[in-house]
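Inspection log for the structure reproduced underneath, given as C-alpha cells.
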Amino acid sequence: MDVKISRLDPNVPDPVESRRRAAGRFVRIAYATVVFGVLGFFIIYFGAPFVFLSGPGTVTAPRHVVSLPYTRAGHPDEAGARRHGQSRRRDRTGDFTGAGQHRRDLYARAGGHRRPHGGTAHQGAGRAGPFSKPRALISS
Amino acid sequence: MLDTVQLLAGTNLLLLAFSVLIFHIPRYTLSLVSLALFGIRRRSDGVPAGNASVSVIIPTFNGGSGLGPTIASLHRQTLRPFEIIVVDDGSTDETRAVAERARALGLVDMVICHGTRCGRSAAINAAARFASGDLLLTVDADTVFEPTAVARLAAAFSDPRVAGASCNIAISNERDSLWTGLQSVEYLMSISAGRSILDVVEAIACLSGACSMYRRDVFVRQGGLDVGPGEDLEYSLRLRRLGYLIRFVPDAWAETDGPTGAVGLLRQRARWDRDALRIRFMMYGELRLFHRLERLPDTLQRLDFVIFDLVPTLSLPFYLVYIVLLFGTADAALFLAGVYVVLLWISIFNMALAFAMFNRSVGFFGLGSTLIFPLYQGVYLKCGRFFSYSSEIIFATSKHDDFVPPRVRRALLGTRI
Chain A
0 MDVKISRLDP
10 NVPDPVESRR
20 RAAGRFVRIA
30 YATVVFGVLG
40 FFIIYFGAPF
50 VFLSGPGTVT
60 APRHVVSLPY
70 TRAGHPDEAG
80 ARRHGQSRRR
90 DRTGDFTGAG
100 QHRRDLYARA
110 GGHRRPHGGT
120 AHQGAGRAGP
130 FSKPRALISS
Chain B
0 MLDTVQLLAG
10 TNLLLLAFSV
20 LIFHIPRYTL
30 SLVSLALFGI
40 RRRSDGVPAG
50 NASVSVIIPT
60 FNGGSGLGPT
70 IASLHRQTLR
80 PFEIIVVDDG
90 STDETRAVAE
100 RARALGLVDM
110 VICHGTRCGR
120 SAAINAAARF
130 ASGDLLLTVD
140 ADTVFEPTAV
150 ARLAAAFSDP
160 RVAGASCNIA
170 ISNERDSLWT
180 GLQSVEYLMS
190 ISAGRSILDV
200 VEAIACLSGA
210 CSMYRRDVFV
220 RQGGLDVGPG
230 EDLEYSLRLR
240 RLGYLIRFVP
250 DAWAETDGPT
260 GAVGLLRQRA
270 RWDRDALRIR
280 FMMYGELRLF
290 HRLERLPDTL
300 QRLDFVIFDL
310 VPTLSLPFYL
320 VYIVLLFGTA
330 DAALFLAGVY
340 VVLLWISIFN
350 MALAFAMFNR
360 SVGFFGLGST
370 LIFPLYQGVY
380 LKCGRFFSYS
390 SEIIFATSKH
400 DDFVPPRVRR
410 ALLGTRI
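Chain order of the listed sequences is A and B.
Going by numbering that gives the first Met the number 0, the letters in the first sequence line up with residues 0 to 139, in that order.
Going by numbering that gives the first Met the number 0, the letters in the second sequence line up with residues 0 to 416, in that order.
Structure follows, in C-alpha cells:
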C-alpha cells in the first residue's frame, strides 16, 4: 500500500507538539489556589463544630486552693448552704454554674490566692474559633 | 417537605435554574423534548449500497473472553463484513489462542500479533494497512452488534462528505450491579438521546471507540489514530477540522460491557474526562473565541461541551459555597434537597420519554435506578469529573494514563513517565 500521509496538515494540531502542551503556569497556580481555597472553606465551615473549643477548662493549682477540705476549715454546712444559695440565685438569673464556676468560688474564698505561686488557672480551654458560639457569662 | 417547598418558592428563580443546570439534567430534557415534539431524529435508510465492503478491526489486549460473542455477532449481520481482522496487542492471556482458533475455523480472516503491547491506536493503524474494504469498522472485543447495525452504519456513508460514523451503544451487563444499571440509563440519555439531537445539527464530537466506522482512504491518508490517550475524540475532532462530516446512527445498536464497580467506573470516567479536557482545550483550543474555517455545527459542538459540561462542573464547588453562605448550613441542605426533588421529577420525565422513544423496556431494577439517577449523574459523576478536570489542569495527569503503554508515552511526551 503506497499512500501519501498528510497528518501534518496546518489546520489540525501537530500530533506530538500539541500532546506536550499543558496549561500555563499562571493558570495552574491560580486555579489550584481557588480550588484549594474552596476546599479549605468547606473543611473549616463544616469541621469547626466538631472541634471542641468551649469546654470548662483545666485548672492547675496547688492542692490547698482547689481541694475542698483546705478552703473552709470548719463550717462545711455553711459553705454548702452558701453554694446552694448561689446556685439557686444563678438559676434565677440564668448564669452559668458548673465545675469552673465552683472553682472560681473557691478562689474567691481563698482570698488573695487567685494566682497562687507555681500554678495557673484557666477558665475555658483553647481559644474561640471563628464560628464558635459566645460563652456563657460567668460572674463571681 | 412543606419547608422545602416554601424555601424553593421563595428562592430566586435564576438560582434555582442554575442549580438544575449544574446538576446536569436539562441537557437531555431539551434533547428529548425536541426529538419527541418535532420528530426530527434522523433515520438511517436501512439498506446500504450493496457494494459496501466493510473491514472489521478488533484490537484487543487480554480480551480473549469477549472475542467469541463479538465475532459471532458480526457473522449474524445482514451486511456481512468483507473481512475480520483481530489484532492481539501483546496479550498475556489466551487471547492469541482464541483468535488463532477462530481463524482456523474460518471466522476470522487475519490475526496480527504484536509481541509487546503497542496501544490501541497502533493496533488499529497496523490493521488498517492490511485492510482492503472501503470502510473500516473498529470494534472493542467486548462489543456485540444487533444484526442490522453494520448495514445501518454503512448506509451513513452514502453521503460522500461523511468520513466517520458511530453507532448507538447500550450496556450489556446492566443487571450485574447497581452501577451498570445506572450506566445503562446514563447511556440512554447521553448517547441515544443526546447524540441523536447533536446529529441533527451535525455537531457530533466523538466517534465512540467501542464501535465506529471510518472511510478507509480518508483514515489512511490522515495518518490514522494518534497514539496518545483519547485517540477516538482526537480523530473525530480532526475530521471535523478538516471539513468532513461525522455521524451518529441511532438505529444501529451495539452492546458493550460497563464497569461493574464504583471505583472501576470512576477510573474509566476519569480517563475520559481528562482526555476530553486535554484534547479539546489544550490541543484544539476550543475555548478560543473565534476559529478560522469554523462552521456553525463546529461552534455548536464546542458550545455544547462548554455550556453543559465544563461550566457546570467547574462551578459546582463555588456554587455550593455560595449556597451555604446564602442560606446557612441547615437551609442549604434543605434547598439542595428541594432541588433534588425537582431534578428527580425532571429525570423521571426524561427517562419515561427516552424509554418510549428508543423502545427500551424498563424493569423493576430500572425503576430503582431512576430514583437515584440524579444523585449518580449530578453528584457522583460530577464530583468525579471536577476532580479529573482539576487534576488535569493542575498536574496534567493524562500524561500518566495507563491506557497508553509507558514506552509510547515516553516517546510521545519526551519526558520521564
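Every residue gets a Cβ at the ideal spot worked out from N, C-alpha and C, and that includes glycine.
Asked                                                                                                                         : Found
Touching by the beta-carbon criterion (3+ pairs, under 8 Å), the region 158-168 of chain B and the region 237-250 of chain B  : yes
Whole-angstrom C-beta distance between B:T59 and B:T94, which should lie under 8 Å                                            : 6 Å
Spatially closest choice to B:F334 from B:I57, B:V323, B:L343, by CA coordinates                                              : B:V323
C-alpha gap between B:L309 and B:V110, whole angstroms                                                                        : 41 Å
Distance, A:V11 Cα to B:A153 Cα                                                                                               : 27 Å
For B:A202 and B:W344, the rounded distance between their alpha carbons                                                       : 28 Å
Meets three-Cβ-pair contact criterion under 8 Å: the region 130-143 of chain B and the region 174-182 of chain B              : no
Under 7 Å (Cβ pairs) to chain A, residues found in the region 295-317 of chain B                                              : P316, F317
Spatially closest choice to B:N172 from B:G65, B:G89, B:T115, by CA coordinates                                               : B:G65
Buried or exposed by the 16-neighbour rule on C-beta atoms within 10 Å, applied to A:R88                                      : The predicted position of A:R88 is uncertain, since its pLDDT is 45 and thus under 50; no value can be drawn from it.
B:N349 burial status per 10 Å Cβ neighbour count (16 or more: buried)                                                         : buried
Separation of B:N61 from B:G383, as counted between CA atoms                                                                  : 27 Å
N-terminal and C-terminal residue of the beta strand (DSSP E) that B:Y213 is part of                                          : 210-214
Sufficient close CB pairs (3 or more, under 8 Å) joining the region 77-93 of chain B to the region 51-58 of chain B           : yes
Candidates B:A261, B:C117, B:H74: closest to B:Q376 by CA position                                                            : B:A261
Integer Cβ distance of B:L134 from B:R215, believed to fall under 8 Å                                                         : 6 Å
Alpha helix (DSSP H) segments (min. 4 residues) lying fully within the region 161-193 of chain B                              : 177-186
Where B:H74 falls: helix, strand or coil (DSSP)                                                                               : helix
Closer than 9 Å to chain A by CB, B:G118                                                                                      : no
First and last residue of the uninterrupted alpha helix (DSSP H) at B:I123                                                    : 119-129
Positions along the region 206-239 of chain B whose CB lies within less than 7 Å of some CB in chain A                        : V219, R220, Q221, G222, D225, G227, R237
Euclidean distance between Cα positions of B:A140 and B:F307                                                                  : 31 Å
Selected residue, minimal CA-CA separation from B:I371, among B:R359, B:K398, B:L232, B:V340                                  : B:V340
Cβ of B:L335 within 9 Å of any chain A Cβ                                                                                     : no
Per-residue contacts from A:V2 into chain B (C-beta, under 7 Å)                                                               : V219, R220
Backbone secondary structure at B:T115 - three-state DSSP                                                                     : coil
Spatially closest choice to B:Y388 from B:D303, B:F156, B:D274, B:P405, by CA coordinates                                     : B:D274
Cα-Cα separation between B:S368 and B:G327, rounded to whole angstroms                                                        : 31 Å
Those residues which DSSP pairs with B:T255 across a bridge                                                                   : B:T142, B:I170
Distance cut-off 8 Å: B:Q267 Cβ against heavy atoms of the ligand MN                                                          : In the structure shown, the ligand MN is absent, as is every other ligand, since no ligand is present at all.
Contact set between the region 16-29 of chain A and chain B, restricted to residues whose Cβ is under 8 Å from the partner    : S17, R18, R19, R20, A21, A22, V26, R27
Nearest residue (CA-CA) to B:D158, options B:I245, B:R26, B:D303                                                              : B:I245
Straight-line Cα distance separating A:V37 from B:F317                                                                        : 7 Å
Buried/exposed call for B:F156, threshold 16 Cβ in 10 Å                                                                       : buried
Validate contact between the region 115-129 of chain B and the region 217-225 of chain B using beta carbons, cut 8 Å, 3 pairs : yes
Neighbour list for A:S5 in chain B, Cβ cutoff strictly below 9 Å                                                              : R220, Q221, G222
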